[in-house]
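Residue numbers (the working numbering), protein chains in the order written: chain B, 17 to 481; chain S, 18 to 830. Glycine residues also receive a C-beta, built at the ideal position from the N, C-alpha and C atoms. Note sheet for the following structure.
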Ligand SMILES: Cc1cc2nc3c(=O)[nH]c(=O)nc-3n(C[C@H](O)[C@H](O)[C@H](O)COP(=O)(O)OP(=O)(O)OC[C@H]3O[C@@H](n4cnc5c(N)ncnc54)[C@H](O)[C@@H]3O)c2cc1C
Ligand code: FES
Ligand code: FES
């Protein structure tokens, strides 16, 4: 039995936990406001909000319902456009009407949901955040300009928003229906324990699996990790940061501790997928997906992270860089799960940077990505961990390059000389994302970029070029 | 089922099949606004039918038309109440699914559907004995390349995704399972998916026999009777604007400067957010269809013809639809399949394509290779233009690059040869300004090159060679708004270089005279307008309400718009920017005639002349005696009949057509300016700003027009930088048949856009309006390309302008 709240109604269903939420909403509940544009997480026409209690407050996040197994909303509230409709239009709906934010209208509900999610967030209203909130929504008709105008009006209408009692504030101003206030109480009556089954296919956020084979999972029980409290946490103890395997990209992005460690974290992670995808995709999923251009993988490789692999009650810990043996070939048995990821907190004098280039700046798989963690002491490189993606069959930890750099004075000549080593340990191929030469060139440029950004006093483009 | 080869081919442009211009029993002379306010506005006298309403004043003297009016159906869209074809749920409805070809080229040796038929939950299975649909059937009655199909001989499979058979079952899942149970033995054959490879001698042939296809309305098909050699069909040497002109070789001999270039554009897919699809409900007395279509009547006509039904027995409904951009005309292979399955099973059948099917089988903009050569005199006068182009629409036709080189600038010596190249790929389809977008990319870059050689500013040079008064104003106003001031190409220092560029667009003004509407005034004052025309997101419902409201002195929201149903009088298709110019005059004329009937009754009551009465602000009044005044609502309460009704069709253009019954005088011109930043290290181009100056006759609703222009510009940005259908040469599959690796622009990629809408009166009809859909994206990619050149000093001749191409052009890789 899976239990959750759909808008204002409690749902109890014996549907298999692997059924996509989208199918449940449209076919089982006949709520057709939520649309199907792609079934691959790319268009946002299927976006819904998922709310859960956090520190006594409802926290709402937009997600793509096409990639989400219903088991993953156990104990939560799912909001579709039908649950936002009131007697009059909400300001979000009204501004979209006033500014001609809808043409054919097929994408519109997805935008309404995403923008309402922006209203419900507990942060101060900001136009940029409004635009970021629709980063996973495609509109082929309007050119987005009218939607931008609506977003501006909405942001203005949110002036003075109570960022704590946000729901009450929004109810009062008719952004959302009054029943939202009842949801916390209703949720208390439902368990948060996930409805998945131990021996099914292991699903994290589903953003990889459901793109590949939603039709094979829709009538199956799946093993869900995303809701498991033991798998989703971020702690810092004894100079080591540990994250649960099911920690989502958004969890990482929103972690105060990690923000302090990596001041540019938000900018870096904004280049990963779109917000509805980041809200559900997990770190372990990204690692196991083993795509050579996984962004989180590149990130954690440069932190020289370790992963904990667990099967039943047996656990072992290995370096992430040793996890990848070949193309989609992992040092992992079928039954092993990634339960945790850990890395040693970089010392205060360490510098971290992530670079990504893709055809489209946002929401695009990288052509090439790379991350670097570098410590320089008295002008000498004391430690270096650099990763690269998109330049080989797996995400790569550039061990030769790192070894080459170590212990040498940081000079432009050194950085230039490192390029030969770097080029020798990568093996990019020509594909949709670019030719081999292009990727080699890109990685060189991005490698330079690390040093230019991290050590602007010592290294500049002019001296490198 | 009727033999598809018997389908007659209806040519919207062929004057020999329809009567030519219409004569009127009584005519009158009216004076209409003509020209551009603030520039050259005058009045012109036209002799028109006595039934025509009086001339409509210029916009600033009107109360509803020309005003920023909110979409009247937006409320249903923002609440999710709008029901699209994919949302239709009928009692007992089944789900249809296709078995599609896994091979790019193969023959079916045997096919066994018995296991599928026995599968639990399956109601019907059908093997397609013909391959209807696809791009080549997109237009009304437009036939597939005429290969002879026999019922006992299954069609050759010519692309990955070609439909073979269909299944209707109780759920999508069961249908999918059943499809997998169909056993097919294939004989695979050699194939070719690449344009250059397909042109080589000895390349695998897509069609063994000669195929035939007539030229059609909105696009550039191969000419009838054109030659065919190997996979090459053509050349097409003319268009509806005529054939070759003058002596091109001599023109080049007399030229002082000759520029030439080879330009390439990619295959672009439509990516409407709602995929193609249909719900078919076959009943003995009526076939009811819910279709995501750009033309309800085209679906009806196709199905009536294929299933031997009278037009009266097929009803097509399109209340809401999620975008088309040219690919959604006709019944399509899925429509035909859904109807067969419904007929066989006795249940309604829904058949929606998934995104992969959409990307591979439902149409695309053909690619192009264009060799363009232009000769000019020292003073810049165009002496000769020579264009040779090749492009592939897969198994379809229509890869011409438009009439841009032929018609945008005056040049007395002109020649072109356009070839279609067949490949084993899904059929192309009309796509937002078919041909012109491709053609513009080449022409407008070369015009810039000439300007540079002549040491002239690109705008100044166009002022010299462009006869269009509309574009002249657009250039002037656009340059002002943009702050046009160019640096030397490539002179920007630093890693990220900025540049600006301009390009012009061109699109014919096309009218469908088969466009009718009924206006009904009910007792109590409610007013309806009814037509088969559909609103595909362009705002047709709203402009119809505006036009009727203006005529009756009411507000747009007072009018109930009932469209998208073939129960009503036929409307035009929504494509080629024909809709506004075709249906709004019919709507106004119907409203006018209904109004005259009502005024006739009021005049009788008040004992005044009809001519003495008028309607304004919800009231009827006598001009000669202001005490005679009554609200519109009260007047309707006194009507003799419950309803007053009038139907009107689109008359000929006032002053006649330029070509046939469809091509009007005046072009829909545009001028777009772009500013870009090019990162010379990573090769990434960012479009920072676009100023888009456009004309569409009388602007009916600037709010909607702006949105259409913005949508066109962004589609142009996608075309310029991201979008590209990639075929795997080894397997014949489309590599990026999704929205993940097929890249569209998202909200974060959007440049600053400013619009300029030129109000322009041509005195062509009772509304004098035109569409804007096509002109909106014709010039964008060319403007960006010119801006990129200005930024980095090197030209990019191939779309999309991806980072690796930029770096290659800069000779970094
Ligand atoms: C629209 C879109 C955009 C994307 N953009 C990016 C991008 O920019 N950068 C990027 O790197 N990725 C991107 N991705 C890919 C994807 O989101 C990530 O790889 C994501 O992190 C996968 O996590 P998940 O939890 O959703 O994986 P799932 O689909 O749940 O699982 C993926 C695989 O990991 C296994 N798995 C999951 N959890 C565990 C565990 N704890 N232990 C062992 N195995 C496990 C599953 O069995 C499965 O084999 C994008 C995806 C989409 C749909
Ligand atoms: S349907 Fe496109 S993101 Fe879910
Ligand atoms: S309005 Fe059509 S896709 Fe957005």
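- Per DSSP, the beta bridge partners of residue 632 of chain S are S:637.
- By the neighbour-count criterion, in which 16 or more other beta carbons inside 10 Å mark a residue as buried, residue 311 of chain B falls on the buried side.
- Taking the beta carbon of residue 264 of chain S as reference, no residue of chain B falls within 8 Å; the closest one sits roughly 44 Å away.
- Interface residue (Cβ-Cβ distance to chain B less than 7 Å): residue 573 of chain S is not classified as such.
- In this structure, the beta-carbon distance from residue 191 of chain S to residue 138 of chain S falls below 7 Å.
- Among the residues of the segment 106-118 of chain B, those with a Cβ less than 7 Å away from any Cβ of chain S are 109, 112, 113, 114, 116 and 118, in the order of the chain.
- Short note on residue 80 of chain B: C-beta closer than 6 Å to some heavy atom of ligand 2.
- Per DSSP, reduced to three states, the secondary structure at residue 330 of chain B is strand.
- Among the bridge pairs identified by DSSP, residue 663 of chain S is matched with S:536.
- The segment 275-292 of chain S and the segment 101-112 of chain B do not touch, with fewer than 3 CB-CB distances between them shorter than 8 Å.
- Ligand 1 has no heavy atom closer than 6 Å to the beta-carbon of residue 153 of chain B.
- Look at the segment 70-103 of chain S: the residues with a C-beta under 9 Å from a C-beta of chain B are 85, 87, 88, 90, 91, 92, 93, 94, 95, 96, 97, 98, 99, 100, 101 and 103.
- The three-state reading of DSSP puts residue 668 of chain S in coil, since its state is none of H, G, I, E or B.
- By the criterion of a C-beta distance shorter than 7 Å, residue 103 of chain S is surrounded in its chain by 291, 294 and 369, once the five residues flanking it on both sides are discounted.
- Here the alpha carbons of residue 157 of chain B and residue 502 of chain S stand approximately 31 Å from one another.
- Counting the other Cβ atoms within 10 Å of the Cβ of residue 354 of chain B gives 16 or more, which makes it buried.
- Look at residue 128 of chain B: its C-beta is under 7 Å from a C-beta on chain S.
- As computed with DSSP, residue 582 of chain S is found in a beta bridge with S:334.
- A direct Cα-Cα distance of roughly 11 Å separates residue 764 of chain S from residue 127 of chain B.
- Taking a Cβ-Cβ threshold of 7 Å, none of the residues of chain S is close to residue 283 of chain B; the smallest such distance is about 13 Å.
- Counting only the Cα atoms, residue 726 of chain S lies some 8 Å from residue 772 of chain S.
- Look at residue 119 of chain B: its beta carbon is less than 6 Å from one of the heavy atoms in ligand 3.
- For residue 751 of chain S, the closest of S:411, S:803, S:542 and S:516 by C-alpha to C-alpha distance is S:411.
- The segment 432-450 of chain S and the segment 379-397 of chain S touch, with three or more beta-carbon pairs separated by less than 8 Å.
- Cβ-Cβ distances below 7 Å link residue 67 of chain B to 74, 75, 76, 92, 93, 95 and 199 in the same chain, with the five nearest sequence neighbours on each side left out; the list follows chain order.
- Short of 6 Å from the beta carbon of residue 21 of chain B, and not among the five residues preceding or following it, lie these beta carbons of its own chain, in chain order: 93 and 202.
- In the DSSP assignment, the residues bridged to residue 696 of chain S are S:513.
- Its chain contains 468 as the residues whose beta carbon lies nearer than 8 Å to that of residue 477 of chain S, once the 5 sequence neighbours on both sides are disregarded; these appear in chain order.
- Here residue 640 of chain S really is in contact with residue 631 of chain S; their C-beta atoms are around 6 Å apart, less than 8 Å.
- Using a Cβ-Cβ cut-off of 7 Å, residue 698 of chain S is close to 461 of chain B, given in chain order.
- A straight line joining the alpha-carbon of residue 259 of chain B with that of residue 252 of chain B spans about 9 Å.
- Between residue 50 of chain B and residue 59 of chain B, the gap from beta carbon to beta carbon reaches 7 Å or more.
- Contact between the segment 603-614 of chain S and the segment 351-366 of chain S is absent: fewer than 3 CB-CB pairs across the two stretches fall below 8 Å.
- Residue contact check for residue 327 of chain B against chain S: no CB pair falls below 7 Å.
- The beta carbon of residue 122 of chain B sits closer than 7 Å to some beta carbon of chain S.
- Distances taken from the Cβ of residue 720 of chain S to the heavy atoms of ligand 3 include none shorter than 6 Å.
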